[in-house]
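What follows is a short report on a single structure.
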Amino acid sequence: MEKQNEGSDCLLRKKDAALFAWPWENLGNYKYLLYGPFLAKVIYSMYWKENMEEDIWCLHILILCALRGLVHQLWSTYSNMLYLVRTRRVSQEGIGFEQIDNEWHWDNFLILQAIVGSFAYLNFPSLANLPVWDVRGFISCLILHIGISEPLYYWIHRILHSPHLFPLYHWHHHESKITHPFTAGNATFLEHLLLCVVVGIPTLGTAFIGYGSISVMYSYILAFDFLRCLGHSNVEIFPHSFYQHVPLLRYIIYCPTYHSLHHQDMKTNFCLFMPLYDLLGNTLNTASWNLQKEISSRTSTDERAPDFVFLVHIVDIMASMHTPFLFRSFSSVPFSTRLFLLPIWPFAFLIVLSMWLKSKVLLISSYNIRGRLNQSWVVPRAGFQYFLPFAAEGINNLIEEAILRADRLGVKVISLAALNKNEALNGGGTLFVNKHPNLKVRVVHGNTLTAAVILNEIPRDVNEVFLTGATSKLGRAIALYLARRRVRVLMLTQSTERFMKIQREAPADCQKFLVQVSKYQGAKQCKTWILGKWATPREQSWAPSGTHFYQFVVPPVIPFRRDCTYGKLAAMRLPKDVTGLGTCEYTMGRGVVHACHAGGLVHHLEGWTHHEVGAIDVDQIDVVWEAALKHGLKPLYNSR
1 MEKQNEGSDC LLRKKDAALF AWPWENLGNY KYLLYGPFLA KVIYSMYWKE
51 NMEEDIWCLH ILILCALRGL VHQLWSTYSN MLYLVRTRRV SQEGIGFEQI
101 DNEWHWDNFL ILQAIVGSFA YLNFPSLANL PVWDVRGFIS CLILHIGISE
151 PLYYWIHRIL HSPHLFPLYH WHHHESKITH PFTAGNATFL EHLLLCVVVG
201 IPTLGTAFIG YGSISVMYSY ILAFDFLRCL GHSNVEIFPH SFYQHVPLLR
251 YIIYCPTYHS LHHQDMKTNF CLFMPLYDLL GNTLNTASWN LQKEISSRTS
301 TDERAPDFVF LVHIVDIMAS MHTPFLFRSF SSVPFSTRLF LLPIWPFAFL
351 IVLSMWLKSK VLLISSYNIR GRLNQSWVVP RAGFQYFLPF AAEGINNLIE
401 EAILRADRLG VKVISLAALN KNEALNGGGT LFVNKHPNLK VRVVHGNTLT
451 AAVILNEIPR DVNEVFLTGA TSKLGRAIAL YLARRRVRVL MLTQSTERFM
501 KIQREAPADC QKFLVQVSKY QGAKQCKTWI LGKWATPREQ SWAPSGTHFY
551 QFVVPPVIPF RRDCTYGKLA AMRLPKDVTG LGTCEYTMGR GVVHACHAGG
601 LVHHLEGWTH HEVGAIDVDQ IDVVWEAALK HGLKPLYNSR
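Here it is in structure tokens:
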């Protein structure tokens, strides 16, 4: 398909063109204070005036802006529910951080239209006295839209694609390669001023001819936003029969496939909502309907199987809201508890409860590395459930279901996150491998690379460490590896039998470097602590001043000591050629994943055919580390 190269030269693209930037651009998120005067006027009228009919328009503007924002948010939620829409996505590519940042202030146009609406009401007071309903207004509004707004938008859009205006303005909208409901609002100040005219003609025009009503205002504006979001949703919602049985409909209402083609071939498909004007203007993309049929006819059997899957889990109710199908911008930054999440907590709790009652493994994100599709699936179980004895069977059934599903799809490697490979739960994945010996998918816990990351963070001149969780999978491997390095390891454990078993695994000349301690007091002279189990403030108090705490405990310990330093959970930075990654992994930064996630990815990239379950092979720690570095993954402590 021939692609237009308008504005392809970045040197021609300007951000200093007149009316390119928004007047409140420097305010950042403080721009929402611009709604303050509307709210103040409503409150003043409610409490200090006998009636608020004179200022009722302020309330309508606030309600309308809230509803419009909700329309965009609901469409965003729907289009990001990959477990529902993945087969009908027009473009299968994920949306990366760059596009998310580019669309961060997509809602600027709501503020603009609120201000424009206020000027309209102030200059035409009669607008504040519109009736609630007038059926003639709907007919008038529809005629004005079809007869004036649609062709006007079509020609404005074509003009914005002209060689002179595209490099100055419209390139900004087309920076979004993958359409999304927020892409609909992402444009320059000038473009949205023009859009105000397009929206204003049917609404104000209907009012001026005497047929206006509040219901017309609300209905038209919300329908306008709904259809804009539909076209930008990147999810084909119309069945092909919708157009096949009534061919005229293909020229009356566009579909997401139709508009997505405009972002691929910018010489075609300029219409607002009605392809009729592209037909009349000879700009209709002839591939539109065949592609729409192909996408709308897809089934799960047509779905491309990912090469690698990382099976995650919910940590707590707050963290469950850190998903791209809730707040895309929030999920694109490292998770932290925010005040705006608190009012939503009860709703999130109810949703999580419903997911627990009818559990289902969900696809929540996908990304590409070197042309290979990788995905994250989630087991809808919160962290505390993993420690309830009666919940173990149900959790293991869910994990087993995910592994078998991955095996059927042709997934090559599935990696288990944190609690999904808990030793007490399923022996680090051993349960599933033993139960299904003929699995083609490789099951990986990724702990070998986790151990490698922790060990390579410890300075070479350290000669003594204090290790808690010492008899766990990771604790055992770290202790044995450090003993080989002639580092004295104080292993905190009450079980002499388990300690002796690990000590006997070390070479004879290294066994003396493994020392059992039964209390935290035994490490009061050691300044290097490796925490494999949660440490209370009292337990941390035994560390001498200047201690550095490394950790592999979930959830991470709280840093109580101001005179000590705390490391984060083991993680690695993904290679720079990763595309489509737009979600941060829990508290990790952008492009950073937990070491067990990276471990599964390395297992896949290396093409290893063994399962990595159960005890960690200490001899493989350096092998896995070198393989990770070879494939471009970087440790955080020296990655730049």
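Last residue of the sequence shown: number 640 in UniProt numbering, and the count goes up by one each step with no gaps.
Ideal Cβ placement from N, Cα and C applies to all residues, glycine included.
- prompt: the ligand FAD heavy atoms versus the CB of Phe224: any closer than 7 Å?
  reply: This structure lacks the ligand FAD; in fact it carries no ligand of any kind.
task: Taking 8 Å as the cut-off, decide whether the C-beta atoms of Ser91 and Ser260 are in contact.
output: Yes, these two residues count as a Cβ contact at 8 Å.
- prompt: In chain order, which continuous runs of the alpha helix (DSSP H) of length 4 or greater are located wholly inside the stretch 130-165?
  reply: Correct list: 135-144 and 150-160.
- prompt: Are Lys267 and Thr283 close, meaning C-beta to C-beta below 8 Å?
  reply: Judged by beta-carbon spacing, Thr283 lies within the 8 Å limit of Lys267, meaning their Cβ atoms are closer than that value.
Touch test, the stretch 111-119 against the stretch 393-407, Cβ-Cβ under 8 Å, three pairs minimum: No: fewer than three Cβ pairs fall under 8 Å.
- prompt: Between Arg88 and Pro556, what straight-line distance do the alpha-carbon atoms span, to the nearest angstrom?
  reply: Going from the Cα of Arg88 to the Cα of Pro556 covers about 39 Å.
field: Proximity winner among Gly546, Thr450, Arg561 and Gln551, relative to Lys634 (alpha-carbon distances)
entry: Nearest of Gly546, Thr450, Arg561 and Gln551 to Lys634, Cα basis: Thr450.
Test item: CB-CB of Asn374 and Phe308 under 8 Å: Cβ atoms of Asn374 and Phe308: closer than 8 Å.
message: Does the stretch 458-466 come into contact with the stretch 600-615, if we say contact requires no fewer than three beta-carbon pairs (one atom in each stretch) closer than 8 Å?
response: No, the stretch 458-466 does not touch the stretch 600-615.
- prompt: In this structure, does DSSP put Gln385 in helix, strand or coil?
  reply: Assigned with DSSP and collapsed to three states, Gln385 falls in helix.
query: Straight-line CA distance for Ser495 to His604?
result: Straight-line Cα distance between these residues: approximately 37 Å.
- request: In the DSSP assignment, find the unbroken alpha helix (DSSP H) run with Glu303 in it and report its ends.
  value: Looking at the DSSP string, Glu303 is not in any alpha helix (DSSP H), and its letter there is neither H nor E.
query: Hey, Glu191 and Tyr220 are a contact pair by Cβ (cut 8 Å); roughly how many whole angstroms apart?
result: Their Cβ separation, rounded to whole angstroms, is 20 Å, which puts Glu191 and Tyr220 out of contact at 8 Å.
message: Give me the residue from Ile159, Ala287, Arg298 and Ala627 with the minimum Cα distance to Pro239.
response: The shortest Cα separation from Pro239 among Ile159, Ala287, Arg298 and Ala627 belongs to Arg298.
- prompt: How many angstroms separate the CA atom of Asn420 from the CA atom of Phe38?
  reply: Straight-line Cα distance between these residues: approximately 50 Å.
task: Starting from the N-terminal side, write out each stretch of the alpha helix (DSSP H) that is 4 residues or longer and does not extend beyond the stretch 240-311.
output: 240-244, 249-252, 256-264, 276-280 and 288-296, all fully within the stretch 240-311.
- prompt: According to the neighbour-count rule (16 or more other Cβ atoms, all chains shown, within 10 Å of its Cβ), is Asn422 buried or exposed?
  reply: Buried, since its Cβ has 16 or more Cβ neighbours within 10 Å.
- request: Grab the span of the beta strand (DSSP E) containing Glu464 for me, first residue to last.
  value: Here the beta strand (DSSP E) through Glu464 covers Glu464 to Leu467.
field: Where Thr565 sits in the DSSP three-state scheme
entry: Thr565: strand per DSSP, three-state reduction.
- prompt: Among Gly200, Trp356 and Tyr154, which residue has its Cα nearest to the Cα of Val378?
  reply: Per the Cα distances, Trp356.
query: Below 8 Å between beta carbons: does that hold for Asn269 and Tyr258?
result: If you check the CB distance, Asn269 and Tyr258 come in under 8 Å.
query: Whose CA, out of Gly69, Thr188 and Leu110, lies closest to the CA of Ala17?
result: In this structure, Thr188 is the residue among Gly69, Thr188 and Leu110 with its C-alpha nearest to the C-alpha of Ala17.
task: Quick one: measure Cβ to Cβ for Ala417 and His631, integer angstroms, because I've assumed they're closer than 8 Å.
output: Not quite, the Cβ-Cβ distance comes to about 20 Å (not below 8 Å), so this is no contact.
query: Would you report the Cα separation of Ala21 and Gln113, rounded to the nearest angstrom?
result: One C-alpha to the other measures close to 16 Å.
message: Residues in the same chain with beta-carbon distance under 7 Å from Pro181, minus the five sequence neighbours each way, listed in chain order, please.
response: Its chain contains His72, Trp75, Ser76, Ser79, Cys229, His232 and Ser233 as the residues whose beta carbon lies nearer than 7 Å to that of Pro181, once the 5 sequence neighbours on both sides are disregarded; these appear in chain order.
- prompt: Taking the Cβ atom as the reference point for each residue, do Arg573 and Gly591 lie within a distance shorter than 8 Å?
  reply: Note that the C-beta distance between Arg573 and Gly591 is below 8 Å.
message: On the DSSP letters alone, give me the boundaries of the alpha helix (DSSP H) that Leu195 sits inside.
response: Taken as a continuous stretch (DSSP letters only), the alpha helix (DSSP H) holding Leu195 covers Phe189 to Phe208.
- prompt: What separation, rounded to the nearest whole angstrom, lies between the Cα atoms of Lys512 and Ile364?
  reply: Each residue's Cα considered, the two are about 48 Å apart.
field: Collapsed DSSP secondary structure at Ile403 in the structure displayed
entry: For Ile403, the secondary structure class from DSSP, reduced to helix, strand or coil, is helix.
query: What residue range is occupied by the uninterrupted alpha helix (DSSP H) comprising Ile43?
result: Annotation for Ile43: the continuous alpha helix (DSSP H) segment containing it runs Gly36 to Trp48.
field: Reference Ile317; option with closest CA among Val132, Gly589 and Phe349
entry: Ranking Val132, Gly589 and Phe349 by Cα distance to Ile317 puts Phe349 first.
- request: Report the option in Leu531, Leu82, Leu227 and Ser331 whose CA atom is closest to the CA atom of Glu303.
  value: With distances taken between Cα atoms, Glu303 lies closest to Leu82.
message: Please return the same chain residues whose Cβ sits closer than 7 Å to the Cβ of Leu331, not counting the five positions on each side in sequence.
response: At residue 331 the sequence reads Ser, which differs from the Leu that was named. Excluding residues within five positions, the ones whose Cβ falls inside 7 Å are His322, Thr323, Pro324, Thr583 and Cys584.
- request: Specify, as a first and last residue, the run of the beta strand (DSSP E) that Thr528 falls within.
  value: Where Thr528 is concerned, the enclosing beta strand (DSSP E) starts and stops at Thr528 to Leu531.
field: For His180, the three-state DSSP class (helix, strand or coil)
entry: The three-state reading of DSSP puts His180 in coil, since its state is none of H, G, I, E or B.
task: Using only alpha-carbon positions, find the residue among Met588, Leu467 and Gly410 that is nearest to Met491.
output: When each option's Cα is compared against that of Met491, the closest is Leu467.
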